[in-house]
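Protein chains in written order, with the working numbering: chain Y, 32 to 341; chain Z, 248 to 536; chain G, 4 to 274. Quick notes on the structure that follows.
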Amino acid sequence: MSVINPLNRSMTTDFDSRNMDWYIDKFVQFIVFVAGISAIIFIIGIFIFITMEGFGFLLEDFSFREFFFSPFWEPSDEDAPEYGILALVAGTASVTGLAMIVAIPFSLGAAIFIGEFASGKMREYLKVLVELLAAIPSVVWGFIGLSIMNPLIIDLFDVPVGLNVLNAGIILGLMAAPIMTSIAEDALKAVPDRYREAAEALGATRWQVIFKTVLPAAKNGLLGAVLLGVGRGFGETMAVLMATGHAVNIPGSLFDPVRALTATIAAELGETAVGSPHYQALFTIGIFLFIITFIINLTADLIVRGIRKG
Amino acid sequence: MFAESALNVRNKRVQNLFRILFLMMTVLLIIPVVIILATLIAKGGSIISIDFLFTDPTNGMTAGGIFPALLGTVWIVAVALLASVPLGVAAAIYLNEYAGDNWFTRIIQLAIINLAGVPSIVHALFGVGAFVIFFGFGTSILAASLTLAIMTLPVVIVSTRESLRAVPQAFREACWNMGATRWQTIRRVVLPNAVSGILTGVILEVSRTTGETAPIMFTGAAFFLPFLPQGVFDQTMALSLHLFVVATQVPGVPDNLPFGVALVLIAMVLLMNSISIAFRMYLRGKKKW
Amino acid sequence: MVDMNVNLAAADKIVDPAFAAPVKLGVSDLTIRYGGTAALSGVNLEVREHEIFGIIGPANAGKTSFLKTLNRMDTFNTNMSVEGEILFNGLNVQNLKNIYALRSRIGVVFPLPVGLPLTIYENVALSPRLRGIKRKSELDVIVERCLSRAALWDEVKDRLNSLGSLLSGGQQQRLTIARALSQEPDLLMLDEFSIAVDPVTTMRIEDVLKELKHDMTIILVTNLVQQARRLADRTAFFLEGECVEVGITEDLFTGEVKDQRTRDYVEGKFG
């Protein structure tokens, strides 16, 4: 004979009521939802706040033509201040361009080596190393440009000053390469192994597999890696502030000093009065940077997602 | 054994050639960094001492130690973590445990990607506009830390989400079947199994936050302060900014001083990163399931 | 009602379905769809208190989907839609105010044992803890009782603090049964519990189930028709999303079937 389990809860229908746990669950769900959308709130917040601070300039002193097409950035000229960012854009573009020339071959090469050739322990070590490289702070890179690259360039090329496009471009290239390497390696890893197996079954050698099968299949991801590198170069501040020479100048050669958009803000914001046209003009550069990097990141993401779906 | 055909031999050779070429590229990527590190150690190593770490700068920052900057960095990083870790972990819980695979989640992910991609100087502008001016925190540790917290939020979210994702779905289902609410499941089963992974991400964030300079320049870090911060509404010196200052803003600094500062900064960052990586590998080898 | 339960407990097997115990679970016109495709359609059946209700049928018959809808696990699958009515203790499970309370009254055992990454003790103590039981002495009693009833206590009583996932497959399956019992369920659902379990353990678990039915209602989904014959009072035959027939188990095996497909399946002609 069995006895009915004394602890068995009653079999009536009164179980259907909301208890503390139910309400706590709903509350937590609300809290994490708010945290979840915080990233959206912050992105919108960033845009609103920098626009708010730069708004006065946009309304009064801003001239589309002058801002984008004048090479003269002379905001502290008391009689006729000029706010042209053409030279700054040229500075940022030249440095970023050179950085990509340096970083693209190395990072793609390294990604191919790590992803397709290296194996086991070696692969692990290299990945760790790349990760550590990516962690070096930009102010340290800037200092390296200032104190190591600068005398090196003066010696090697016999130029009076070593803070220029070449210096900043190399520094920025070295900075961007590790990140581009890891993203590119991810893109290679995303190519299914059956592609490689199929090609190998047809008698292709390893490098044929890589060039004819893996790279074409991963091309969107690799493009995404390059774009993110460009975005990073565009937005980099401390390193370009310290290594470019910081002179408003449309560069004619690798050895010309230039000045970047980001560096201009970093160098001048501290010296301007809050609310002055100069201060607001710096925020307007910020809006411009925000929009450009937003577009770059969005494009990179769309391209990378494109392959994931396919 | 078959004799290798000429074609095979040639293919092998080409393959080896490519192998070496790519290896060279990888090595070339790494070598400059090794040289740089060696130079930093060679030129800055001589100044590093307990005194250097724990005394104040003297003679207009041309001599003495870096203690206020070191302490200030600890302040800024600690306050930034207090803000970003709870928020980032909660956001990751939402994304991994609640959010469906739909356009709304996509937008959140895009926002996270962009938050990580917005230039640090733009974050600085936001910090000035929002925290320093609008919320009236002034240039303070609080303003600097919050700016950094928002900037590094993606680091916490992404790494926490990774470690939540690593907890097998079967555990959640077993728990739900027992009548546990979503939150009970997360608290009792998911989080305890993800906490070490989350910690890895937090260490990574500490490393990121330590090195950032631009976002704190105008929000709370000062070139030089004759006193130590007493609370979150004070300004402070910071190690990263201190490197910038002694390297570019102060005349007559002896050569080895900025190298020493750079060495301490890079050592802190790399140490933190190495701990995070080592911890991650240790965890990978020690799964409970 | 209590009288009736005692009566039932005395009767080892319900011989006559007309000897109607109260309905534990009433399912009418149940249709389950994934996206547009129906996994199960038009199911009508009743499960009575203190019976072992067997569900047999080949793979993809909709058996597991059926179980999922009973304790509302369909809420976690946005792709899954459920029509029809399921009455549990007379309440429609589709419009409950607190589905967690429903789930806590229904114990579930999966085909593959899922030992939570907790100690053996904590695996069994989790459900009581979720209900708010905090006292160690009380938990100790529950843990020992549940492990004993799942025929696992003797094997693990000296290592309650080691990880549940370190147990053997058969032990883990009994651990999940103990965990389900710790919910003090009035309905226990087992989904092909013997798939990853050795025959000896299977027999032990079957003995456990025969004991348990005095205290609760059991739904036993199995791909082994002989297991259903050994244990189930009544059995339903599911085939390709259809509930072909429901009847007294012995009738299905002695040929008193309404549908030829049932006879063929039971006799092993397919599936």
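Even glycine gets a Cβ: it sits at the ideal position worked out from N, Cα and C.
- The beta carbon of D217 of chain Y sits no closer than 8 Å to any beta carbon of chain Z.
- The Cβ-Cβ distance between G250 of chain G and R232 of chain G does not fall below 8 Å.
- Residues of chain G whose Cβ lies closer than 8 Å to the Cβ of N440 of chain Z are, in chain order, P120.
- Listed as beta-bridge partners of S84 of chain G by DSSP are G:R36.
- Residue pairing by DSSP places M192 of chain G opposite G:V111, G:I222 in a beta bridge.
- Residues of the same chain with a CB within less than 7 Å of the CB of D481 of chain Z, apart from the 5 flanking positions on each side, are S387, I388 in chain order.
- Here D224 of chain Y is exposed, its C-beta having fewer than 16 other C-beta atoms within 10 Å.
- When DSSP states are grouped into helix, strand and coil, F480 of chain Z belongs to the coil group.
- Taking 8 Å as the CB threshold, M272 of chain Z lines the interface with chain Y.
- Sequence-ordered contacts of the stretch 74-95 of chain G with chain Z read N74, M76, F79, T81 [C-beta pairs closer than 8 Å].
- Excluding five sequence positions before and after L119 of chain Y, the CB atoms of its chain that fall closer than 8 Å to its own CB belong to W104, V279, R290, A291, L292, T295, I316, given in chain order.
- With fewer than 16 neighbouring CB atoms inside 10 Å of its own CB, G283 of chain Y falls in the exposed class.
- Below the 7 Å Cβ cutoff, chain Z contributes no neighbours of I132 of chain Y, its closest Cβ being approximately 14 Å away.
- Distance from the Cα of I77 of chain Y is smallest, within the candidate group Z:M425, Z:A514, Z:L393, for Z:L393.
- Residue contact with chain Y for L99 of chain G: present (Cβ-Cβ distance below 8 Å to some residue of chain Y).
- Here A134 of chain Y has G204, A207, A208, M211, G260 as same chain residues with Cβ atoms under 7 Å from its own Cβ, once five neighbours each way along the sequence are excluded.
- L246 of chain Y is positioned such that its CB atom lies no closer than 8 Å to that of A331 of chain Y.
- Distances from the alpha-carbon of G444 of chain Z to those of Z:V261, Z:L264, Z:G532, Z:I359 put Z:G532 closest.
- Close CB contacts of N95 of chain G within its chain, under the 8 Å cut and outside five residues either way in sequence, are with E88, I89 (chain order).
- Those residues of the stretch 456-480 of chain Z placed with their C-beta closer than 8 Å to a C-beta in chain Y are T457, G458, E459, T460, A461, M464, F465, ordered along the chain.
- A contact between stretches requires three or more CB pairs, one per stretch, nearer than 8 Å, and the stretch 423-438 of chain Z fails this requirement with the stretch 271-280 of chain Z.
- CA-CA distance, L105 of chain G to N74 of chain G, rounds to 7 Å.
- If you draw a straight line from the Cα of G262 of chain Y to the Cα of L320 of chain Y, it is about 10 Å long.
- Boundaries of the alpha helix (DSSP H) around G67 of chain Y: 51-67.
- With at least 16 other beta carbons inside 10 angstroms of its own, F113 of chain G counts as buried.
- Distance from M398 of chain Z to P462 of chain Z at the Cβ level is roughly 6 Å; contact confirmed, criterion being Cβ atoms closer than 8 Å.
- Remark: C-beta atoms of S171 of chain G and T122 of chain G do not approach each other more closely than 8 Å.
- Excluding sequence positions up to five before and after L300 of chain Y, its CB lies within less than 8 Å of the CB of Y310, L313, all in the same chain and listed in chain order.
- Within the DSSP bridge table, the entry for S125 of chain Y names no partner.
- Collapsing the DSSP output to three states places K27 of chain G in a strand.
- Against chain Y, the CB of Y345 of chain Z has a partner CB under 8 Å away; the residue lies at that interface.
- Put simply, of Y:S107, Y:V63, Y:I72, Y:I79 the residue whose alpha carbon is nearest the alpha carbon of E302 of chain Y is Y:S107.
- Think of a sphere of 8 Å around the beta carbon of Y103 of chain G: the chain Y residues whose beta carbon falls inside it are D52, W53, D56, in chain order.
- In the three-state scheme derived from DSSP, where H, G and I count as helix and E and B as strand, E187 of chain G is classed as coil.
- Bounds of any alpha helix (DSSP H) do not take in V222 of chain Y, whose DSSP letter is neither H nor E.
- Shown here, G292 of chain Z sits in a helix according to DSSP, grouped into three states.
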